[in-house]
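Everything on this sheet refers to the single structure shown next.
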Amino acid sequence: MVRLLPRVALVLGILALVGGTAFYWRTSRTSAPTEIAFSEFLRHVDAGRAVSVTVTDAAIDVALKDRRIVRTVPPPGFFGTNAAFVTDLARRGVLLQVKPIAPSGALQYGPIGIAICFMGLLGYAVYKTTSGRLPSMEGRARTADPKETTVRFSDVAGVDEAKDEVAEIVAFLREPQRFQAVGGRIPRGVLLVGPPGTGKTLLARAIAGEAGVPFLFASGSDFVEMYAGVGASRVRRLFRDARKHGSCIVFIDELDAVGRARGGHSLSHEEREQTLNQLLVEMDGFDETHGIVVIAATNRADILDHALLRPGRFDRQVTVSNPDLKGRNEILRVHLRKVTAAPDVNVVSIARGTPGFSGADLANVVNEAALLAGREGRSAVTTADLEAARDKVMMGAERRSIALTEAERVNCAWHEAGHAVVAAALPQADPLHKVTIIPRGRAMGVTMQLPEIDRHTYTKEYLNTQVAILMGGRAAEELFMEHMTSGASNDIERATDIAAHMVCEFGMSPLGPLAFSRKGQEDNRARQLSEESSRRVDAEIQAIVMRAYDRARSLLETHRDAVGALATTLLDLESLEAEEIASLLERHGVARRAH
Ligand code: ADP
Ligand code: MG
Ligand code: ZN
């Protein structure tokens, strides 16, 4: 229904426009006064046939005794130089009116106004049906002057390998002759591959900045239009601009939006194919002498059309991954340079406490910390600010305003205590960092663990542990509250997801080391499942989750006291930190782990 509305509006708009125009023509034809010569007008007045004279800005309308209305245009400045004419009219008993816009004029403009309104409505409907993409033929490539591209390699931290790999492009752009003299061929296209927020756009800008060449930015999604040919024409325009600049960087973000392998069934697939072909044509159409380097970014290199990756196109791939401990340290320092930080800020401890954070997340942490310090009227960012900002970025902002009923608070406390006790009792679990029943983001409460190391691979036991911890919340509700709430829905979703990965991708079930594609998941790498295999996959996923649930439940029964004590303390204090949790649980029989 919601999707239908704009279409209905579109049809109505067109009807209204046609109707409005017809109305305008009719009224303008019937009510427009006959034009007469000025001399004829003077004769009418002389002969006493004029009843009223209406002077407007541009014309004089005259109502005659025979009910006709005629119009004439006076010579410029006529009334100014012939003031006597006016008194003459008055003496003859002719009604004289002066109006900025004559009533007949208003009649004329009315329909135009209505038509304009309808055009607006029509435009709005088109805008809606095309989901905000107006069918403009103009390219949306935004160009930055070399002087504006102030990003340097020093602004991009923690991705040293990627920087090394693109360094030669900078060298080439600076001194193309040197490379051409020895017959070297510089890559025409470089594909930056990596998860969101790792600094791909930043790196591309830095290449332009270091080389001192213009940076032309376009996003793959700009090229995907529902109108055939628009995307292709935008690509053409982008490269026409690039050729005008001579040496430059053309950056195409989200390349996968246009570069998906061909042969899908999506509606816009023909259009995308045209756009993709245009891109291929353009990339083949310039040579090294142009000094144009095309850089594209994607987080899904595996779904790109192979034609894009052939020699002479994006034949160089550079991986940009999430930073490790050292990288996070460097990225935090880059961003801390931009704010006022206290001299004793412990950057290393923050870097250690942010495994899995992307460069963008870390930039966000520093920014949030600065806002926090500012809000509290302090002049420098402290370690505590950074820690609070880290928690906020990780768990979502606290929402103290949301009013929980007492029953919800109690349930939440036991639920979180359940997660925490399972996590504390299982040897493979990451250490607990914080447990809170202050609502954050969409969650009523949060149990937060912090891995002590960067994990690149996961053992089967670690994953089973994760699923068990996720089940701890629901298990506690059932055991101690004797009911279930919807509060566990996100836990359940995540647990199912981990279990599915274990079965379908990691080969960690009795089905063996095979890749299975799950129903409803777009994935052309894995085999499509038969009805029978699909049932077995589902059964194995279920088995993993159920085993984890039973494990969580029996752990909670064993540590009944600890769960109770933690829940009660949470109701009291709302938030507990790592050390407080460890000592409380230790007092109730959950041994502290040696870390
Ligand atoms: P991507 O294009 O990979 O999604 P961006 O380049 O748009 O990531 O990164 C967004 C922001 O995050 C950057 O403007 C920068 O402030 C910060 N950032 C990301 N990666 C890094 C990095 N490696 N070094 C410094 N800052 C980074
Ligand atoms: Mg980006
Ligand atoms: Zn939970």
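Under our numbering, think of the first position of the sequence shown as 341, with each following residue one higher.
C-beta: ideal position from N, C-alpha, C; glycine also.
Q. Between threonine 541 and ligand 2, is the CB less than 6 Å from at least one heavy atom?
A. Position 201 of the sequence shown, counting from 1, holds the residue named residue 541. Yes, the beta carbon of threonine 541 sits closer than 6 Å to at least one heavy atom of ligand 2.
Q. Hey, would you say aspartate 735 sits closer than 7 Å to arginine 780, going by beta carbons?
A. Sequence index remark: in the sequence shown, residue 735 carries index 395 (1-based). Sequence index remark: in the sequence shown, residue 780 carries index 440 (1-based). First, the residue type needs correcting, since residue 735 is methionine and not aspartate in the sequence shown. Yes, they are a contact pair.
Q) Considering only residues of the same chain and omitting the five flanking positions on each side of leucine 404, which have a CB-CB separation below 7 Å? A) Within the sequence shown, residue 404 is the residue found at index 64, counting from 1. Closer than 7 Å at the Cβ level, and outside the excluded window around leucine 404, lie His384, Arg389, Ala390, Val391 and Val410.
Q: Could you tell me the boundaries of the beta strand (DSSP E) in which leucine 595 lies?
A: If you number the sequence shown from 1, residue 595 lands on position 255. Unbroken run through leucine 595: none, as it is neither H nor E.
Q. How many angstroms separate the CA atom of arginine 673 from the CA atom of glutamate 611?
A. For the purposes of this step, residue 673 is taken as the residue at position 333 of the sequence shown. For the purposes of this step, residue 611 is taken as the residue at position 271 of the sequence shown. If you take the alpha carbons of arginine 673 and glutamate 611, they lie about 45 Å apart.
**Q.** CB of valine 621 within 7 Å of CB of glycine 529, strictly
**A.** The count along the sequence shown starts at 1 and reaches residue 621 at position 281. The count along the sequence shown starts at 1 and reaches residue 529 at position 189. Not closer than 7 Å, so no.
Q) Do you know how far the Cα of isoleucine 509 is from the Cα of isoleucine 526? A) The sequence position of residue 526 within the sequence shown is 186, counting from 1. The sequence position of residue 509 within the sequence shown is 169, counting from 1. Roughly 7 Å between the two C-alpha positions.
(Q) In the DSSP output, what is isoleucine 635 paired with across the bridge? (A) Residue numbering aside, residue 635 sits at position 295 when the sequence shown is read from its first letter. Answer is Val530 and Phe591.
Q) What distance in whole Å lies between the Cβ atoms of valine 499 and glycine 539, which are believed to be in contact at a cut-off of 8 Å? A) Residue mapping note: residue 539 aligns to position 199 of the sequence shown, counting from 1. Residue mapping note: residue 499 aligns to position 159 of the sequence shown, counting from 1. Indeed, because the Cβ distance is near 6 Å, the residues count as touching under 8 Å.
Q: Kindly indicate which residue of Gly717, Arg668 and Arg545 has the alpha-carbon position closest to the one of alanine 497.
A: Taking the first residue of the sequence shown as 1, we reach residue 497 at position 157. Cα-wise, what sits closest to alanine 497 is Arg668.
**Q.** For histidine 773, three-class secondary structure by DSSP
**A.** Within the sequence shown, residue 773 is the residue found at index 433, counting from 1. Strand.
Q: Look up arginine 411 in the DSSP assignment and give the residues it is bridged to.
A: As a first step, residue 411 must be located in the sequence shown, where it is residue number 71. Paired residue(s): Glu375 and Asp401.
**Q.** Simplified DSSP state of threonine 680, which is helix, strand or coil
**A.** Here the question's residue 680 lines up with position 340 in the sequence shown. It is coil, neither helix nor strand.
Q. What do you get for lysine 439, buried or exposed, if any count of 16 or more other CB atoms within 10 angstroms of its CB means buried?
A. Here residue 439 corresponds to residue number 99 of the sequence shown, with the count starting at 1. Answer is exposed; the Cβ neighbour count stays below 16.
Q | Helix, strand or coil at alanine 918 according to DSSP, with G and I counted as helix | A | Along the sequence shown, read from residue 1 onward, the residue named residue 918 stands at position 578. Reduced to three states, the DSSP call for alanine 918 is helix.
Q: Report the residue ranges of all beta strand (DSSP E) runs contained in full by the segment 655-723; include only those spanning at least 3 residues, in chain order.
A: 656-659
Q. With 16 other CB atoms within 10 Å as the buried threshold, where does serine 826 fall?
A. Taking the first residue of the sequence shown as position 1, residue 826 is located at position 486. By the 10 Å Cβ count, serine 826 comes out exposed.
Q | Sequence-ordered residues whose beta carbon comes within less than 5 Å of a heavy atom of ligand 3 | A | Gly813 and Asp831
Q | Cβ pair asparagine 662, serine 719 closer than 7 Å | A | For the purposes of this step, residue 662 is identified with residue 322 of the sequence shown, where counting begins at 1. For the purposes of this step, residue 719 is identified with residue 379 of the sequence shown, where counting begins at 1. No, these two residues do not count as a Cβ contact at 7 Å.
Q) The alpha helix (DSSP H) with alanine 390 in it runs from where to where? A) Within the sequence shown, residue 390 is the residue found at index 50, counting from 1. Careful: alanine 390 lies outside any alpha helix (DSSP H), inside the beta strand (DSSP E) at 390-395.
Q.
I want to know whether the segment 699-711 touches the segment 794-812 - three or more CB-CB distances under 8 Å.
A. no
Q | Proximal residues to proline 535 (C-beta, below 8 Å), its chain only, five neighbours per side dropped | A | Residue numbering aside, residue 535 sits at position 195 when the sequence shown is read from its first letter. Asn639, Ser661, Asn662 and Ser698, listed in sequence order.
Q: Could you tell me if glutamate 501 is buried or exposed, where buried requires 16 or more neighbouring beta carbons within 10 angstroms of its beta carbon?
A: Start at 1 with the first residue of the sequence shown, and residue 501 comes out as number 161. Counting Cβ neighbours within 10 Å, glutamate 501 comes out exposed, since fewer than 16 surround it.
Q: Verify whether the separation of the beta carbon atoms of arginine 893 and alanine 815 is less than 7 Å.
A: Here residue 893 corresponds to residue number 553 of the sequence shown, with the count starting at 1. Here residue 815 corresponds to residue number 475 of the sequence shown, with the count starting at 1. Yes, the Cβ-Cβ distance between arginine 893 and alanine 815 is below 7 Å.
Q: May I ask you to report which of helix, strand or coil DSSP gives glutamate 738?
A: Numbered from 1 along the sequence shown, position 398 holds the residue referred to as residue 738. Strand, per DSSP.
Q.
Any contact between the segment 914-927 and the segment 881-889? By contact I mean 3 or more CB pairs, one from each, below 8 Å.
A. no
**Q.** Pairwise C-alpha distance: serine 689 and glutamate 550
**A.** The count along the sequence shown starts at 1 and reaches residue 550 at position 210. The count along the sequence shown starts at 1 and reaches residue 689 at position 349. The alpha-carbon separation between glutamate 550 and serine 689 amounts to approximately 32 Å.
Q: State the Cα-Cα distance for the pair alanine 398 and threonine 412, rounded to the nearest angstrom.
A: In the sequence shown, counting from the first residue as 1, residue 398 sits at position 58. In the sequence shown, counting from the first residue as 1, residue 412 sits at position 72. Taking the straight line from one Cα to the other gives about 9 Å.
Q.
Can you tell me which residues form a DSSP beta bridge with valine 786?
A. Here residue 786 refers to the residue found at position 446 of the sequence shown. According to DSSP, valine 786 bridges with Thr776.
Q) Taking the alpha-carbon positions, what's the arginine 513 to arginine 650 distance? A) Numbered from 1 along the sequence shown, position 173 holds the residue referred to as residue 513. Numbered from 1 along the sequence shown, position 310 holds the residue referred to as residue 650. The displayed chain sequence assigns leucine, not arginine, to residue 513. Cα-Cα distance, rounded: 22 Å.
Q | Backbone secondary structure at arginine 432 - three-state DSSP | A | Counted from its first residue, the sequence shown places residue 432 at position 92. Arginine 432 falls in the coil class under three-state DSSP.
Q. Helix, strand or coil: how does DSSP classify glutamine 437 here?
A. Residue mapping note: residue 437 aligns to position 97 of the sequence shown, counting from 1. If DSSP states are grouped into helix, strand and coil, glutamine 437 belongs with the strands.
Q) By Cβ distance, which residues of its chain are closer than 7 Å to arginine 932, with the 5 residues on each side in sequence left out? A) Along the sequence shown, one-based indexing puts residue 932 at 592. Hits under 7 Å: Ala922 and Glu926.
Q: Check whether the Cβ of aspartate 593 sits closer than 6 Å to any heavy atom of ligand 2, and report yes or no.
A: Walking along the sequence shown from the start, residue 593 turns up at place 253. Yes, the beta carbon of aspartate 593 sits closer than 6 Å to at least one heavy atom of ligand 2.
Q. What is the DSSP secondary structure of arginine 640, reduced to helix, strand or coil?
A. Translated into positions along the sequence shown, residue 640 becomes position 300. Three-state result, arginine 640: coil.
Q. Using the C-alpha atoms, what's the distance from arginine 730 back to glutamine 520?
A. Residue numbering aside, residue 520 sits at position 180 when the sequence shown is read from its first letter. Residue numbering aside, residue 730 sits at position 390 when the sequence shown is read from its first letter. For glutamine 520 and arginine 730, the distance between alpha carbons rounds to 49 Å.
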